[in-house]
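Residue numbers (this note's numbering): 3 to 415.
Backbone N, C-alpha and C fix where the C-beta goes; we use that ideal spot for every residue, glycine too.
All values reported here derive from a predicted model rather than from experimental measurement.
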């Protein structure tokens, strides 16, 4: 019985020792395998794009400024919400027109009164002229009658003849007085009618001016785009804020800006060292930070002729490059940040690997090929480079290259 227990004890201990040894060997092998495994990437074949990467933001190539009309005492009564898309011709800002409407009613009444006075004066002048003409005819008749009386002086007494001459002189004098009165009345009535006509014309001009101001109480969108209201500095620069309903504005003030969404440009800075490798018409790929899933193909449309000095230290010089996007996506807005890859070279059927898979060994570029858990250094030739990938030759397509230097992985730990 004791011998059987002893045998079972020995068997159990042997099995336990075997299990522990196997587990230890497995753990050791697993650790060695993990230590030996490194991140790798496959060399792929295809078109390789050598690029210059730059950063910038979207700008509108064309924009329209909205100014307050030349109208006194303007108060904003309604505004389109800021940032809302507005079609060309739609209202953007409306001003309070109640005071102008009241002015129009008052000036219309003044015009009617001036016209009534002018009509009354013209009618009175016509009556006066007719009365003066009648008096003139009577005076001319009396003169002619007196002339007939003097014609018979040789047949009457001398006293009667002298009396006829005196009567003729008196009637002629009355005729001249009447003619002078008619000239005076004509000049007076003409001056009065001219004065009333000027008053009527001034009242009409005031009405026309008021109607013109009323027609300017609404600002319409000159193009299709979004509205960006500028700051109102009437309360000082510290209290400035965008214009809003109820603000009083002066004639000619800049109230808002409307960038044309069909003229969007990507504005980026290109380092001075890269300026000679780019030109107008070069293909670019634009990525917007807010829309990382979309790539916008475009071309460089303009490069600034002068360099800009940077503010960092040591100072750097850069050039502005612009690529026209147009309205390729309704979500694009001026001011969005993004990047632009300028394509400077295309290599067809090139082998490309990640840039961090290339290392320097004895002054030459090498890659480490992964072969059954081992990593063999292979010298390669660099054909082109961009920030992420490198075009190489000297390794077969589909080769797995290490992304970490195997010779320094222990140091990395």
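Coarse secondary structure for residue i, derived from DSSP in three states
{"i": "residue 330", "result": "coil"}
{"i": "residue 242", "result": "coil"}
{"i": "residue 279", "result": "helix"}
{"i": "residue 388", "result": "coil"}
{"i": "residue 27", "result": "Low confidence applies to residue 27: its pLDDT is 47, below 50, so where it sits in the model is not reliable enough to give any reading."}
{"i": "residue 219", "result": "coil"}
{"i": "residue 409", "result": "helix"}
{"i": "residue 431", "result": "Any answer about residue 431 is impossible in this case: the structure gives the chain only from 3 up to 415."}
{"i": "residue 70", "result": "coil"}
{"i": "residue 285", "result": "strand"}
{"i": "residue 181", "result": "helix"}
{"i": "residue 404", "result": "strand"}
{"i": "residue 39", "result": "coil"}
{"i": "residue 325", "result": "strand"}
{"i": "residue 32", "result": "Since pLDDT at residue 32 reaches only 40, below the 50 mark, its modelled position is unreliable, and no value is offered."}
{"i": "residue 313", "result": "coil"}
{"i": "residue 319", "result": "strand"}
{"i": "residue 3", "result": "Confidence at residue 3 is low in this model, with a pLDDT of 48, below 50, so its placement is unreliable and the value that follows should be read with caution. Note: residue 3 maps to coil in three-state DSSP."}
{"i": "residue 76", "result": "strand"}
{"i": "residue 157", "result": "Residue placement at residue 157 is poorly supported in this model, since its pLDDT is 49, which falls under 50; the coordinates still yield a value, given next. Of the three classes helix, strand and coil, the one that applies to residue 157 here is helix, per DSSP."}
{"i": "residue 168", "result": "helix"}
{"i": "residue 415", "result": "Residue confidence for residue 415 is low, a pLDDT of 43 falling below 50, so the modelled location carries little weight; the figure read from the coordinates is stated next. Residue 415: coil per DSSP, three-state reduction."}
Nearest residue (CA-CA) to residue i, options the options
{"i": "residue 357", "options": "385, 336, 349", "result": "385"}
{"i": "residue 268", "options": "51, 49, 43, 63", "result": "63"}
{"i": "residue 249", "options": "95, 53, 49", "result": "95"}
{"i": "residue 106", "options": "240, 122, 209, 76", "result": "209"}
{"i": "residue 381", "options": "374, 390, 370, 141", "result": "370"}
{"i": "residue 339", "options": "309, 270, 349, 348", "result": "270"}
{"i": "residue 389", "options": "407, 406, 360", "result": "360"}
{"i": "residue 305", "options": "277, 124, 189", "result": "277"}
{"i": "residue 373", "options": "404, 263, 179, 183", "result": "404"}
{"i": "residue 279", "options": "174, 55, 215, 202", "result": "55"}
{"i": "residue 311", "options": "138, 273, 297, 347", "result": "273"}
{"i": "residue 99", "options": "253, 58, 199, 78", "result": "78"}
{"i": "residue 191", "options": "179, 139, 237, 126", "result": "126"}
{"i": "residue 376", "options": "396, 409, 347", "result": "409"}
{"i": "residue 217", "options": "103, 362, 46, 348", "result": "103"}
{"i": "residue 349", "options": "387, 364, 362", "result": "387"}
{"i": "residue 399", "options": "407, 406, 351", "result": "351"}
{"i": "residue 52", "options": "284, 171, 183", "result": "284"}
{"i": "residue 337", "options": "59, 92, 353", "result": "59"}
{"i": "residue 201", "options": "397, 61, 115, 91", "result": "115"}
{"i": "residue 45", "options": "407, 173, 396", "result": "396"}
{"i": "residue 184", "options": "215, 175, 138", "result": "138"}
Range covered by the beta strand (DSSP E) that runs through residue i
{"i": "residue 342", "result": "339-356"}
{"i": "residue 397", "result": "No beta strand (DSSP E) contains residue 397, which DSSP labels as neither H nor E."}
{"i": "residue 91", "result": "Element bounds for residue 91: n/a, residue is neither H nor E."}
{"i": "residue 235", "result": "Looking at the DSSP string, residue 235 is not in any beta strand (DSSP E), and its letter there is neither H nor E."}
{"i": "residue 56", "result": "46-62"}
{"i": "residue 378", "result": "376-381"}
{"i": "residue 361", "result": "361-363"}
{"i": "residue 305", "result": "293-305"}
{"i": "residue 474", "result": "The question about residue 474 has no answer here: the residues shown for the chain are numbered 3 through 415."}
Check whether residue i and residue j have beta carbons under 8 Å apart
{"i": "residue 233", "j": "residue 246", "result": "no"}
{"i": "residue 70", "j": "residue 255", "result": "yes"}
{"i": "residue 368", "j": "residue 379", "result": "yes"}
{"i": "residue 260", "j": "residue 65", "result": "yes"}
{"i": "residue 335", "j": "residue 293", "result": "no"}
{"i": "residue 89", "j": "residue 226", "result": "yes"}
{"i": "residue 112", "j": "residue 207", "result": "no"}
{"i": "residue 286", "j": "residue 326", "result": "no"}
{"i": "residue 145", "j": "residue 177", "result": "yes"}
{"i": "residue 355", "j": "residue 323", "result": "no"}
{"i": "residue 193", "j": "residue 231", "result": "no"}
{"i": "residue 251", "j": "residue 76", "result": "yes"}
{"i": "residue 109", "j": "residue 199", "result": "no"}
{"i": "residue 124", "j": "residue 195", "result": "yes"}
{"i": "residue 141", "j": "residue 180", "result": "yes"}
{"i": "residue 394", "j": "residue 353", "result": "yes"}
{"i": "residue 263", "j": "residue 42", "result": "no"}
{"i": "residue 72", "j": "residue 197", "result": "no"}
| query | Of all the beta strand (DSSP E) runs that stay within the bounds of the region 244-275, which reach a length of 3 or more residues? | reply | 256-261, 266-273
| Continuous beta strand (DSSP E) assignments of at least 3 residues falling wholly in the region 89-144 | 93-97
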